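Structure first, commentary second.
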Amino acid sequence: MKGLRTVAALSILTISSFAVAEGGSDRVYGRMIQANEQAMQEYAEANGMNPPEVIHYRYGMKLDVARVVATTSTDSSCNVMPAQMTYEDSNGDLNILEYRVAGTGCRSQN
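Heads up: the sequence shown runs through residues -21 to -1, 1 to 89, numbered per mature numbering (1 follows the signal peptide of the UniProt record, and there is no 0).
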């Protein structure tokens, strides 16, 4: 009976540690997105442009990308994470496209 309780306790602790790890990466991605948006606000001010509008990507939407200004990096895990691409459209307006992307470390995980 003690052995069963020990196994159950270890299982609960292991599962909860995965939940904490997942929440930790979400906070990291959130800070990365906020830092990118702040940097692009400063870029717009320094270049005399209007503040960028954040656009959430929808499948099949038409984009008017004249010049890519910046992109956020992806990590080397195999997780799906938020990413942003800041671009100027053909009117010279600054936009931030937010989308989801898979990490680059998925080589052996099919």
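All residues carry an ideal CB built from backbone N, CA and C; glycine is no exception.
Fair warning: this is a prediction, and the values are worked out from it, not measured in the lab.
Label residue i either buried or exposed according to how many other C-beta atoms from any shown protein chain fall within 10 Å of its C-beta, with 16 as the threshold for buried.
i, result
"A25", "exposed"
"G2", "Residue confidence is low: G2 scores 49 on pLDDT, short of 50, so the model does not pin down where it sits. Its coordinate-derived value is still stated next. It counts as exposed."
"G84", "exposed"
"N70", "exposed"
"Q63", "buried"
"Y78", "exposed"
"N15", "buried"
Using 8 angstroms for Cβ pairs, my map puts residue i next to residue j. What's the rounded Cβ distance?
i, j, result
"M19", "I75", "6 angstroms"
Could you pull the DSSP bridge partners for residue i from this structure?
i, result
"R46", "E67"
"R79", "P61"
Of the choices the options, whose alpha-carbon is the least far from that of residue i?
i, options, result
"R10", "S52, M28, V44, C57", "S52"
"D72", "V48, C57, Q13, A81", "V48"
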